[in-house]
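Data first, discussion second: the structure below is written as structure tokens.
Number of protein chains: 4
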Amino acid sequence: MGLIGGGTGSFIGKVHHMAALLDNRIELVCGAFSHDPEVSKQSGPEYRLSDERVYGSYAEMIQTEKNLPAGQRMDFVSIVTPNSLHFDPARLALSNGFHVICDKPVTFSLQEAIDLEKTVLQTGLIFALTHTYTGYPMVKEARHIVKSGRLGAIRKILVEYNQGWLSMPVERTGNKQAAWRMDPLKAGISCTMGDVGTHAANLAEYITGLTITQVCADLTAFVPGRQLDDDGSVLLRFDNGAKGVLTASQICTGEENALKIRIYGEKGGLEWNQMEPNSLLLKWADRPMEIARTGAGKLSEAAVAHTRVPAGHPEGYIEAFANIYRNFADAVSRWKNGRQPDPLYDFPGIQEGLRGMLFLEKVVESSSGSKKWVDMSNDKR
Amino acid sequence: MGLIGGGTGSFIGKVHHMAALLDNRIELVCGAFSHDPEVSKQSGPEYRLSDERVYGSYAEMIQTEKNLPAGQRMDFVSIVTPNSLHFDPARLALSNGFHVICDKPVTFSLQEAIDLEKTVLQTGLIFALTHTYTGYPMVKEARHIVKSGRLGAIRKILVEYNQGWLSMPVERTGNKQAAWRMDPLKAGISCTMGDVGTHAANLAEYITGLTITQVCADLTAFVPGRQLDDDGSVLLRFDNGAKGVLTASQICTGEENALKIRIYGEKGGLEWNQMEPNSLLLKWADRPMEIARTGAGKLSEAAVAHTRVPAGHPEGYIEAFANIYRNFADAVSRWKNGRQPDPLYDFPGIQEGLRGMLFLEKVVESSSGSKKWVDMSNDKR
Amino acid sequence: MGLIGGGTGSFIGKVHHMAALLDNRIELVCGAFSHDPEVSKQSGPEYRLSDERVYGSYAEMIQTEKNLPAGQRMDFVSIVTPNSLHFDPARLALSNGFHVICDKPVTFSLQEAIDLEKTVLQTGLIFALTHTYTGYPMVKEARHIVKSGRLGAIRKILVEYNQGWLSMPVERTGNKQAAWRMDPLKAGISCTMGDVGTHAANLAEYITGLTITQVCADLTAFVPGRQLDDDGSVLLRFDNGAKGVLTASQICTGEENALKIRIYGEKGGLEWNQMEPNSLLLKWADRPMEIARTGAGKLSEAAVAHTRVPAGHPEGYIEAFANIYRNFADAVSRWKNGRQPDPLYDFPGIQEGLRGMLFLEKVVESSSGSKKWVDMSNDKR
Amino acid sequence: MGLIGGGTGSFIGKVHHMAALLDNRIELVCGAFSHDPEVSKQSGPEYRLSDERVYGSYAEMIQTEKNLPAGQRMDFVSIVTPNSLHFDPARLALSNGFHVICDKPVTFSLQEAIDLEKTVLQTGLIFALTHTYTGYPMVKEARHIVKSGRLGAIRKILVEYNQGWLSMPVERTGNKQAAWRMDPLKAGISCTMGDVGTHAANLAEYITGLTITQVCADLTAFVPGRQLDDDGSVLLRFDNGAKGVLTASQICTGEENALKIRIYGEKGGLEWNQMEPNSLLLKWADRPMEIARTGAGKLSEAAVAHTRVPAGHPEGYIEAFANIYRNFADAVSRWKNGRQPDPLYDFPGIQEGLRGMLFLEKVVESSSGSKKWVDMSNDKR
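Residue numbers (our numbering), protein chains in the order written: chain A, 78 to 458; chain B, 78 to 458; chain C, 78 to 458; chain D, 78 to 458.
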């Protein structure tokens, strides 16, 4: 693996690295850690890389690695840069035969996502998008339960992703993570909806297997001076007639990383909270609520396949992230052997990326318009 | 107190009665428990009333009691009938000099609420509306905290009231509570929004002191054959620029009585759940979440005034309900002495009733229209 | 009902009164609220009693009421005085034909309890002891589940009752509740074990149906100057071979009223917390934990019979207390008709009182001795 | 690092490996995965080791590696075998100049622990014991808070470690983890107290900085046919006069891995649950309970130094384990440079191992004797 981004001071680069290492199937062999060659070089030791595999730019990395012998060169790139710097390295890597795993949202704009989809399809290479939260065992279990029909037809979906770290204008007081997210040139048309709202939308579609067909949104920049949203709520309609609400915020003061989903069907409901990820609440019409737990009792094959330790030994965010990497690595291995990915070891890909960008475009359109419902049709494609 | 409604089989009549009794300030002296004089008579013993004070109709009760000597006749009526039977008895009671405490929503229609407001203002009598949840000590505390400014300016309000008991068409299999709620002739223009949504809207306005100015709603009748909504979600805008979401449902299978509110300001947030009503979560930007508890530590005067037992001895729904009755009784006592109600012992009244009916009218209008935002202005008044 | 104790400033008197009123089956007709006739008289209005039924002493009350006509005189006395003042009024009331409901621990000493048992048996009157916590619906459910065998043979019982209000020497700074509890002349041989430990022991025996046979205790007075324990832990052995731990404390700073029990059998376990009394956790060997809830789904007849409102409308301490009163009142009614108490409406009585006093005597003996195990045999009787 | 134990089917071997890898500071270079050379060889690929570094025995590994050039040979061994196989490889490794990280309890017997301590002291090498739970950030925070004096003098300590997986005689139906733990020849004098009780005792001493001075224990083998305990409870006395209870069980049916500690001082209390490890409850005499959270707000330097991701991204068991490995690796690095370990990056060592073995010996002695208190003095040393 070669890392693009993740230079000194980056949080998410280190997380990708730990996630990649955890299962001893992936090795970091090179990196282009910053667009600034100096910073890139300085970051090498943080990743225990020797100088010759630390590159001044991703283009240099892709070109140089391509010419290394097969057993030696990187197999894939991992892209952990701001949104505006996803598309170019992804396309260049794919065009040069490297698989790609990329942070979300997949691109800067819907158009880029449409173009990237073409490249992925043309090259036939593996593309993964780190919607981390789909990697949790209890999310796999939730998806399995909905699919099994135990809840009956799904009617109502409440998904929320609330944080509080942007309650104050920290982007103007040195917080780099905040600065690029609030910069339209780096983040795109949205801050909060792109940063966390797309995770929430993805989770809702992933667990239910349903598709959002219409949105009605109200986005806000509460902190004066912001050009992009720091909060938003969206009424949702799904393809089977289900209704829902998605609310995402980064000004919910005191909230840490409160991604939570509740899904109700005719016969039962479920609830999952990312901050206590090893419990899955199952609610029934006329019998006690049950709490399914990672590693405990009889769970689905999918949940078991994404669990590392016995029940009661909490698995967390890094493990969920590692599940995405492990599954991506598995797909890459299978690709080498000419095999399709194993559906048991699934991961989000370019289609999920495209859905996310479409969602973003439509909620921004809805929020600024006076029409009640905006269709989630991709008229650009 | 004279009870109107609450005949054999009624749940809410018994609750009103227990709430009225708890503090030994109110005595049930008569009742017209049903529009069916037979049923009314049969219900008397359930309330330990002797026959002569059990009436065949509320009209008979009001007329007869009016002619009793002062120390003997009822002071007020408590109305616990379906929505369609609130206005007439309330007006008749007020017109004959009796104070009124009434279940919510206040009337069948907005127009009735407007008319009732006139009667209340003209008679100068005490009118209470049993938005029970405002009676909890920790709701009083939450209101106090917002008012104190500790959270800073309020930005985001998430309020939800989810139940599951109408997931199946129980109104067609003998559930009387469901039957009248789903009957437009008895319930009015809404089932779920009227039954629980108005509680949620009232709670949001009560705690924050803000006013909802615009709504954008999506109501649904998920169970086939229903004429009224069994679910709905509403985007909210408040008079200070705050935004919010209200979601109310009676088809969230497995939910009991999940009224919950979260309020976020610039400097902090709070969260209260009716099903664990003695805890109030206080969330802060840079220090640990706190859990304020009924009866524990230093709470507001308002919280203390609505608490009966020491910390750790849970107070529940009946106690909250009894707080409404106790405060109403206090206002009635003060009225007799020519005094204004004590603001410390507040309770919802005709204004809150009117807000609720306006809210109902506007969310139904919004849900059926294609306009994005509907103003909460009362153009009928 | 005639109240003995509960004068101005008393907390528990008011609670008994609310509990008695709630179900409209009991009326307070007289009281001897204090050993000080002045205080007793002043307390009358707090209970809305007219002067002629407020007595200067319990002896006067019992004598005077006895001579009133049958329909007018009190049916029973409720004793809410400190421990040293339970035995005399209880015996006097019983001897004069009045039933008795009494706060716990039942008497000042084991010997008194043995003597009182004799009086109860001789008079054949109804005697209730307010181990309030057995009145909760989910405690009834827990007892039912153990009895049904669903957990298999019981092996391990962990019961704890932790409070923090005696962490500081508040008995020396004006706290009357603390003062009598820490006074050996009023409380007896123990403060904390008597005040809360007996509740815990009673709860364990009540739910499991087992009997404690041996104890090994370590009691402590952590706050300097105290003559009685403010903390204690006890290893327990039960008659079926089960083992357990009881820990009770009033110096667990920050704890409110944390009574909690966990019971484990071969096939499952259960957990109940008084501070969230409407949930009962059921734990199983190989399937998800379940949360049984007051009023929800299919519960035992016993749980249903002690529930007032639908699921999700929290019932609390006063309701549990009222269940004891309601059941006692029911037994008194049946007694009048020459019938036995209905086992469905059970309540703790003199036997439970005796067990509590025995437990107290044995844990104090164990704590001060060097023998490992002390038998719970009642060699005094 | 060279792994001793962890062959095919082992759970804990894989956990050690993941923990070692996570921070990219440790590389597995060799292993002796089983006493059966065949099994050892077969296990190599599971760890992605090439054949030449997979050894038939730990003795062979230590000898061979010792002769490899400095940059190539392992720096330390990690011992993950049953208790009876800790001492020999640990001593051999140390004697040959290799540092050791070892699973707990440190040895088979107290005598072995005493002997091992000598070897550690003589060689001056680094020895770590994987009491994993001390690696959690919130445990570090708890220790810091106690040390800071914010809770006042500590009075009461309740620690429990309950599991349910040995409720049935699974050791006789093929569960290898159960089989060796229940075999006195492999586990030593105790199953449950050794397996989980020592963790609990260690946690109590670690967080409080206090020393257990006396124990009074009741151990049980509930499942017929067992030679070693599957459950036990212990009254504790600490060197500052604090009292406590330790309860450990593997027959608490339905419990997963419920390690929990509560500590009460004069001024406040704290509570930590391993199954929700990122929350630390802080309880105060007269203000709301606080919930300190991993990564959130202002925490101690120690907590921050053991945190990898921002607040709300749950860290779990593997991360806690990795903290032990990371700190051990840090100490090894510093040792190479002739420096002392950094106290900020602390980890349990031979002293903690010795305390654990002493605790085991004394609780077993106490449980089988009739003396009430057994001193925790190490008369063998």
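C-beta atoms are modelled at their ideal positions from N, C-alpha and C, and glycine is treated no differently.
Euclidean distance between Cα positions of residue i and residue j
i	j	result
D:Met453	C:Ser155	51 Å
A:Val247	A:Met259	10 Å
A:Trp412	D:Gly331	42 Å
D:Leu235	D:Leu358	14 Å
A:Gly251	D:Asp308	55 Å
B:Thr269	B:Asp165	23 Å
C:Arg190	C:Leu431	According to the sequence shown, residue 190 of chain C is Ala rather than Arg. Cα to Cα, C:Ala190 sits roughly 6 Å from C:Leu431.
C:Leu169	C:Asp152	14 Å
C:Val157	C:Gln327	21 Å
B:Ile222	D:His176	57 Å
B:Glu353	D:Trp257	45 Å
B:Gly446	A:Val216	36 Å
D:Phe88	D:Gly121	15 Å
C:Gln240	D:Pro365	15 Å
Spatially closest choice to residue i from the options, by CA coordinates
i	options	result
A:Pro418	A:Leu431, A:Arg432, A:Arg403, A:Gly346	A:Arg403
C:Glu442	C:Cys293, C:Pro365, C:Tyr394	C:Cys293
C:Ala96	C:Leu421, C:Lys457, C:Ile395	C:Ile395
A:Arg102	D:Gly83, D:Asp295, D:Gly90, D:Glu123	D:Glu123
C:Pro455	C:Thr290, C:His208, C:Thr158, C:Cys107	Reading off the sequence, residue 455 of chain C comes out as Asn, not Pro. For the residues C:Thr290, C:His208, C:Thr158, C:Cys107, the minimum Cα distance to C:Asn455 belongs to C:Thr290.
A:Leu105	A:Glu142, A:Met215, A:Asp192, A:Asp113	A:Glu142
C:Gln140	C:Gly174, C:Ala335, C:Glu115, C:Leu126	C:Gly174
C:Ala278	C:Ala205, C:Gly84, C:Phe436	C:Phe436
D:His112	D:Leu162, D:Pro365, D:Gly148	D:Leu162
C:Ile266	C:Asp363, C:Leu305, C:Lys360, C:Val216	C:Leu305
B:Ile427	B:Lys181, B:Ala230, B:Asn414, B:Phe299	B:Lys181
Neighbourhood of residue i by C-beta distance below 6 Å, restricted to the same chain and skipping five residues each side
i	result
D:Leu99	Ala399
C:Tyr132	Ala109, Met138
B:Ala408	Ile203, Pro418
C:Ile311	Note that residue 311 of chain C corresponds to Val in the displayed sequence, not to Ile. Cβ within range, chain order: Val292, Ala294, Leu323, Val440.
D:Arg220	Ile284
C:His93	Ser155, Val157
Cβ separation of residue i and residue j, assumed to be a contact under 8 Å, to the nearest whole Å
i	j	result
D:Phe315	D:Thr288	7 Å
C:Val183	C:Met434	6 Å
B:Ala281	B:Gly321	7 Å
Chain-ordered neighbours of residue i on chain F, where CB pairs are closer than 9 Å
i	result
A:Lys375	No chain F is present in this structure, whose protein chains are A, B, C and D.
Residues near residue i by beta carbon distance below 8 Å, same chain, minus five either side
i	result
A:Arg188	Correcting the residue type first, residue 188 of chain A is Gln in the shown sequence and not Arg. Excluding residues within five positions, the ones whose Cβ falls inside 8 Å are Lys457.
A:Met390	Residue identity check: residue 390 of chain A is His in the sequence provided, not Met. So the list reads Gly372, once near-sequence residues are dropped.
B:Lys118	Asp128, Val131, Gly133
A:Glu218	Leu357, Ala369, Leu376, Ser377, Ala379, Ala380
Same chain, Cβ closer than 7 Å to residue i, neighbours up to 5 away in sequence not counted
i	result
C:Arg370	Asn355, Ser356, Ala388
B:Gly346	Leu228, Arg339, Ile340, Lys360
B:Tyr213	Pro354, Ala397
ask   = In chain order, which alpha helix (DSSP H) runs of at least 4 residues are fully inside the region 282-367 of chain B?
value = none
request  = Could you pull out every unbroken beta strand (DSSP E) segment of at least 3 residues lying fully inside the region 90-164 of chain C, listed in chain order?
outcome  = 107-109, 153-156
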